[in-house]
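Heads up: the structure comes next, in structure tokens.
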DNA sequence: GTCTATATTTTGATAGAC
DNA sequence: GTCTATCAAAATATAGAC
């Protein structure tokens, strides 16, 4: 059942992605939904709450997707490959929402900001744990775990910026490139002389 | 001579970085400069023009810095190392301006937008040329040049997000990590079965 | 170069009818 | 659940005095 609340959500994702949160007005969202701006406030208490809802759902689904993809993967290298693949796939398939979740943190109220940052930390810690295990098992080079996890996540976000669903490359082909790049950058022998954190 | 125009520029960089372009008002900029908002318009014709000025100067200096660092580097691997090092150094030393240049494109007028995108393309093409030469010389694995250049630039931007000038790591130590990561990801043998663009 | 005063538009949000 | 009408505040920008 496609409710008006869902429609507002979809329209807001489109507009926040194209113009940014602050540059998008409630009237604009209402206009593209075919209703008056006052009617928006029946479904959401504020403009900020629409943004918060988008970010919350996106982060929860991103983390759920990752956990699902890691389930049953035991080998440490396979786990990192699966994690990168999961991250890239989600970001390509959900381009607009992940862009908003990455760039519109400043539009949130302090309380909502903290909640989203906590969810983001949770997600990052899954990656950091894999890197840590890989270093311990001497599969990965031992470097600063936090720096590497940010590097990997940021690198994999790159695809979402230029990816075109109508383009010639498939999601999996792109994910494979990032996967190989990350594993090549991570593996032992790359960082001589640097000690574990 | 620290002119008022310079002061407006510095204050705007700080505010656009902290709050975003659309969330920052002309009154706020004026307030932190110790003048009235009307006085801003003596120095700049519009708020958008302040943003444009920041982006233009940043892109010009970024490209100039890269060219200077590449000058005299002949070996292909040395050129890529120097390019990554230059990119990371600039982004860590000029955190706020590069963040604005990367994230506030949507605040520009169409004409100014095109001008900045052109400068950005110019910069990226220097990286793409190095990758292309590296593939031709069979030093790098032969993969999609555009994808790799975006991946490298995005990856190297990661540092600017968390870097703290007061922190324990030096700019050069961080640049070394990214340099090694990129070269590890790029080098031949990583991408079996993928043909050149 | 900076000021005061103001024009114009638009914003997010609320009240109350239907 | 959507409407009309409206509020109060804030925005960018301009005019003209000093």
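Protein chains in written order, with my numbering: chain A, 25 to 221; chain B, 25 to 221. Each residue gets a CB set at the ideal place from its N, CA and C atoms; glycine is no exception.
Taking a 10 Å sphere around the C-beta of residue 175 of chain B, we find 16 or more other C-beta atoms and assign the residue as buried. By the Cβ test, the stretch 161-173 of chain B is not in contact with the stretch 72-82 of chain B, since fewer than three Cβ pairs between them sit closer than 8 Å.
Nearest to residue 203 of chain A by alpha-carbon distance, out of A:159, A:185, A:181, A:50, is A:181. Residue 110 of chain A places its beta carbon 8 Å or farther from that of residue 137 of chain A. About 47 Å separates the beta carbon of residue 59 of chain A from that of residue 103 of chain A, a gap too long to meet the 8 Å contact definition. Boundaries of the alpha helix (DSSP H) around residue 120 of chain B: 119-127. Residue 185 of chain A is classed as exposed because its beta carbon has fewer than 16 other beta carbons within 10 Å across all chains shown. According to the DSSP assignment, residue 29 of chain B belongs to the alpha helix (DSSP H) that extends over 28-43. Taken through DSSP and simplified to helix, strand or coil, residue 211 of chain A comes out as strand. For a Cβ distance threshold of 9 Å, residue set 182, 183, 185, 186 of chain A lies close to residue 174 of chain B, ordered along the chain. In the three-state reduction of the DSSP assignment, residue 151 of chain A falls in the helix class, which pools H, G and I.
Using a CB distance below 7 Å, the part of the stretch 35-50 of chain B facing chain A consists of 43, 44, 46, 47, ordered along the chain. Taking 8 Å as the cut-off, the Cβ atoms of residue 209 of chain A and residue 46 of chain B do not count as close. Those residues of the stretch 138-168 of chain A placed with their C-beta closer than 8 Å to a C-beta in chain B are 167, 168, ordered along the chain. At a cut-off of 8 Å between C-beta atoms, residue 212 of chain B does not count as an interface residue with respect to chain A. In this model, residue 87 of chain A and residue 145 of chain A are separated by some 11 Å (Cα to Cα). Under the DSSP assignment, residue 84 of chain A falls in the alpha helix (DSSP H) whose first and last residues are 71-94. Against chain B, the CB of residue 127 of chain A has a partner CB under 8 Å away; the residue lies at that interface. Around the beta-carbon of residue 188 of chain A, fewer than 16 other beta-carbon atoms lie within 10 Å, marking it exposed.
When the five nearest sequence neighbours on each side are left out, the beta carbons in the same chain lying within less than 6 Å of the beta carbon of residue 143 of chain B are those of 83, in order along the chain. Partner residues in the beta bridge of residue 164 of chain A, as assigned by DSSP, are A:211. In the DSSP assignment, residue 181 of chain B falls within the unbroken alpha helix (DSSP H) covering 169-186.
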